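So the sequences go chain by chain: A and B. The opening position of the first sequence corresponds to residue 2 in my numbering, with each subsequent residue numbered one higher. The opening position of the second sequence corresponds to residue 2 in my numbering, with each subsequent residue numbered one higher.
There are 2 protein chains.
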Amino acid sequence: MGVVTPPTDRTPKQDRSRATRRGLLEAAVACLAEHGWAGSTVSVVAERAGVSRGAAQHHFPTREDLFTAAVEYVAEERSAALRALPVQGRTDVVAALVDLYTGPLFRAALQLWVAASNEPQLHPRVTELEARVGRETHRIAVELLAADETKPGVRETVQGLLDMARGLGLANVLTDDTARRRRVVAQWAALVEDALG
Amino acid sequence: MGVVTPPTDRTPKQDRSRATRRGLLEAAVACLAEHGWAGSTVSVVAERAGVSRGAAQHHFPTREDLFTAAVEYVAEERSAALRALPVQGRTDVVAALVDLYTGPLFRAALQLWVAASNEPQLHPRVTELEARVGRETHRIAVELLAADETKPGVRETVQGLLDMARGLGLANVLTDDTARRRRVVAQWAALVEDALG
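1. I need the straight-line Cα distance from Glu131 of chain B to Pro153 of chain B, nearest angstrom please.
2. So, Ala147 of chain A versus Val159 of chain A, is the Cβ gap smaller than 8 Å?
3. By DSSP, does Arg11 of chain B sit in helix, in strand, or in coil?
4. If I measure Cβ to Cβ from Ala117 of chain B and keep anything under 6 Å in the same chain, skipping five residues before and after, which residues do I get?
5. Have a look at Trp189 of chain A and Glu157 of chain B and give me their C-alpha separation to the nearest angstrom.
6. Do the segment 16-27 of chain B and the segment 175-183 of chain A make contact, defined as three or more Cβ pairs closer than 8 Å?
7. Note down the Cα distance separating Met2 of chain B from Ser53 of chain B, rounded to an integer number of angstroms.
8. Tell me where the alpha helix (DSSP H) around Ala137 of chain A begins and ends.
9. Counting only Cβ-Cβ distances shorter than 9 Å, please list the residues of the segment 102-118 of chain B near chain A, keeping chain order.
10. Report the neighbours of His139 of chain B on chain E: residues whose CB is nearer than 9 Å to its CB, in chain order.
11. For Asp164 of chain B, count the other beta carbons within 10 Å of its own beta carbon; 16 or more makes it buried, fewer makes it exposed. Which is it?
12. Would you say Val134 of chain B and Leu197 of chain B are within 8 Å of each other, going by their C-beta atoms?
13. Once the 5 residues before and after Val72 of chain A are set aside, which same chain residues still bring their CB inside 7 Å of it?
14. What residue range does the alpha helix (DSSP H) around Glu48 of chain A cover?
15. Give the straight-line distance between the Cα atoms of Leu86 of chain A and Thr92 of chain B, rounded to the nearest whole angstrom.
16. Taking the alpha-carbon positions, what's the Leu169 of chain B to Pro62 of chain A distance?
17. Does Glu157 of chain A get closer than 8 Å to chain B when you measure Cβ to Cβ?
18. Answer with buried or exposed for Thr179 of chain B, where buried requires no fewer than 16 other C-beta atoms within 10 angstroms of its C-beta.
19. Could you tell me whether the Cβ of Arg184 of chain B comes closer than 8 Å to any Cβ of chain A?
20. What is the DSSP secondary structure of Val75 of chain A, counted as helix, strand or coil?
21. Distance, Cα to Cα, Val193 of chain B vs Val186 of chain B?
22. Is DSSP giving Ser53 of chain B helix, strand or coil here?
23. Helix, strand or coil: how does DSSP classify Thr158 of chain A here?
24. Mark Gly55 of chain A as exposed unless 16 or more other C-beta atoms lie within 10 angstroms of its C-beta, in which case mark it buried.
25. Considering just the uninterrupted stretch of the alpha helix (DSSP H) at Val186 of chain A, what are its terminal residues?
26. If you run the structure through DSSP and keep just helix, strand and coil, what is Phe107 of chain A?
27. Residues of the segment 16-28 of chain B in Cβ contact with chain A at a cutoff of 8 Å, in chain order, please.
28. Just tell me which of A:Ala34, A:Ala96, A:Thr138 has its CA closest to the CA of Ala191 of chain A.
29. Verify whether the separation of the beta carbon atoms of Leu171 of chain A and Arg167 of chain B is less than 8 Å.
30. Alpha carbon to alpha carbon, how far is Ala202 of chain B from Gly40 of chain A?
In structure tokens, the structure reads:
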């Protein structure tokens, strides 16, 4: 009787392909965050990831494929990390949610949104991606905040909190806004606590 | 005795120059909002404003001069309009403040911020502009909301509200977010009312 490979097993070749893909996605987000859409091409990302342009195009046929997949991949990693946090008080949850909107992922996503507002090829893909990531973030926020959305106003309280987090992210793009952000987050965490009861 | 021209009088030539300048600034904001930084050059703006490239450069020697002046000019016009609103309830004030972050001025400013994050030439100018416009918007918000900043937390409540407004503006860039925004604004206007007392 021969050895039966279970379907979940992966060959070394598949592992390599997966690692290449992941490397490309991480390089794409870093590149977008640092150089913006205009400075982010498949070639630049391939070089940064240490793979050939051909190998990059095997995984992602177009520039739009690569960058939307990259933002989605990193957003999913971040959501998973957020869900894995130990259960905390609401103040910590508000701070953790706001943290989603600072750092390289937010910078990359912002570059993509702004490019999509002027590039018809990018617009529908980024709109769809943004709606999906937005819904998922809202779900996580509701869960972590133990918010009861059957009560009037609770859904909008959580939405407004995420809008505030997005605005704080934008304020942090040009200058380090950490000190001011901490004070705003502390105060809004208290307002959210009162509102959610 | 000859006619003494009071110093406030303007010659027709000065009036023309002022009108040209204003036309260039308005064309620059519209151009930036529609085409982004990459698509916004002095030539494109001059053509849109119906003046020669040379005339545009007489007013604004560099592209950076033109676009930072444009965003500042329109921001000042908007602030003046906001200050001129009749005294209203806080709910209306919150809605009016949020309105500052939707529409062409916000889109133009967003394009400029994002470009500045990748362009060292633009970065210090936009950072300085943003700080000035941010302080002015905060002052107007405190005044219109009749917020007493000597009370603990009040300053951060107003700051967070403006951060939320900025985040709502960003959510409106790719899709028309008006219906959701109205509900969020209604709920947070109530929370801010409670917080300001």
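Cβ atoms here follow ideal geometry from the backbone N, Cα and C, with glycine treated the same way. Computed from a predicted model, the values in this text were never measured in an experiment.
With the structure as the only source:
1. Position 130 of the second sequence holds residue 131 of chain B. Position 152 of the second sequence holds residue 153 of chain B. Cα-Cα distance, rounded: 26 Å.
2. Residue 147 of chain A sits at position 146 when you count from the first residue of the first sequence. Residue 159 of chain A sits at position 158 when you count from the first residue of the first sequence. No, the Cβ-Cβ distance between Ala147 of chain A and Val159 of chain A is not below 8 Å.
3. Along the second sequence, one-based indexing puts residue 11 of chain B at 10. Arg11 of chain B: coil per DSSP, three-state reduction.
4. The residue given as residue 117 of chain B occupies position 116 in the second sequence. So the qualifying residues of the chain are Leu123, His124, Val127.
5. Position 188 of the first sequence, counting from 1, holds the residue named residue 189 of chain A. Position 156 of the second sequence, counting from 1, holds the residue named residue 157 of chain B. Rounded to the nearest angstrom, the two C-alpha atoms are 8 Å apart.
6. no
7. On the second sequence, residue 2 of chain B is found 1 positions in, with the first residue counted as 1. On the second sequence, residue 53 of chain B is found 52 positions in, with the first residue counted as 1. For Met2 of chain B, the pLDDT reaches just 47, beneath the cut-off of 50, and the residue's location in the model is therefore unreliable, although a value from the coordinates is still provided. Rounded to whole angstroms, Met2 of chain B to Ser53 of chain B spans 42 Å at the Cα level.
8. Position 136 of the first sequence, counting from 1, holds the residue named residue 137 of chain A. In the sequence as displayed, the identity of residue 137 of chain A is Glu instead of Ala. Where Glu137 of chain A is concerned, the enclosing alpha helix (DSSP H) stretches over 124-145.
9. Tyr102, Arg108, Leu111, Gln112, Trp114, Val115, Ala116, Ala117, Ser118
10. The structure shown contains no chain E; its protein chains are A and B.
11. If you number the second sequence from 1, residue 164 of chain B lands on position 163. Buried, since its Cβ has 16 or more Cβ neighbours within 10 Å.
12. In the second sequence, counting from the first residue as 1, residue 134 of chain B sits at position 133. In the second sequence, counting from the first residue as 1, residue 197 of chain B sits at position 196. Cβ distance not < 8 Å, so Val134 of chain B and Leu197 of chain B don't count as in contact.
13. For the purposes of this step, residue 72 of chain A is identified with residue 71 of the first sequence, where counting begins at 1. Only Val30, Ala109, Ala110, Leu113, Leu130 meet the Cβ criterion.
14. Working through the first sequence from its first residue, we reach residue 48 of chain A at position 47. Here the alpha helix (DSSP H) through Glu48 of chain A covers 43-50.
15. What you label residue 86 of chain A is simply residue 85 of the first sequence in a count that begins at 1. What you label residue 92 of chain B is simply residue 91 of the second sequence in a count that begins at 1. Cα to Cα, the separation comes out at about 36 Å.
16. As a working mapping, residue 169 of chain B is identified with position 168 in the second sequence. As a working mapping, residue 62 of chain A is identified with position 61 in the first sequence. About 34 Å.
17. Within the first sequence, numbered from 1, the residue matching residue 157 of chain A stands at position 156. True, the Cβ-Cβ gap to chain B drops below 8 Å.
18. Mapped onto the second sequence, residue 179 of chain B falls at position 178. So Thr179 of chain B ends up on the exposed side.
19. Your numbering for residue 184 of chain B matches position 183 in the second sequence. Yes, contact with chain A.
20. The residue given as residue 75 of chain A occupies position 74 in the first sequence. DSSP places Val75 of chain A in helix when its eight states are reduced to three.
21. For this step, residue 193 of chain B is matched to residue 192 along the second sequence. For this step, residue 186 of chain B is matched to residue 185 along the second sequence. If you take the alpha carbons of Val193 of chain B and Val186 of chain B, they lie about 10 Å apart.
22. Mapped onto the second sequence, residue 53 of chain B falls at position 52. It is coil, neither helix nor strand.
23. Taking the first residue of the first sequence as position 1, residue 158 of chain A is located at position 157. Helix at Thr158 of chain A.
24. Counting from 1 along the first sequence, the entry for residue 55 of chain A is found at position 54. Gly55 of chain A is exposed by the Cβ-count criterion.
25. Along the first sequence, one-based indexing puts residue 186 of chain A at 185. Residues 179-197.
26. The residue labelled residue 107 of chain A in the question sits at position 106 within the first sequence. Phe107 of chain A: helix per DSSP, three-state reduction.
27. none
28. As a working mapping, residue 191 of chain A is identified with position 190 in the first sequence. The shortest Cα separation from Ala191 of chain A among A:Ala34, A:Ala96, A:Thr138 belongs to A:Ala96.
29. As a first step, residue 171 of chain A must be located in the first sequence, where it is residue number 170. As a first step, residue 167 of chain B must be located in the second sequence, where it is residue number 166. Cβ distance < 8 Å, so Leu171 of chain A and Arg167 of chain B count as in contact.
30. Past the boundaries of the shown model lies residue 202 of chain B; chain B is included only from 2 to 198, so the question cannot be answered.
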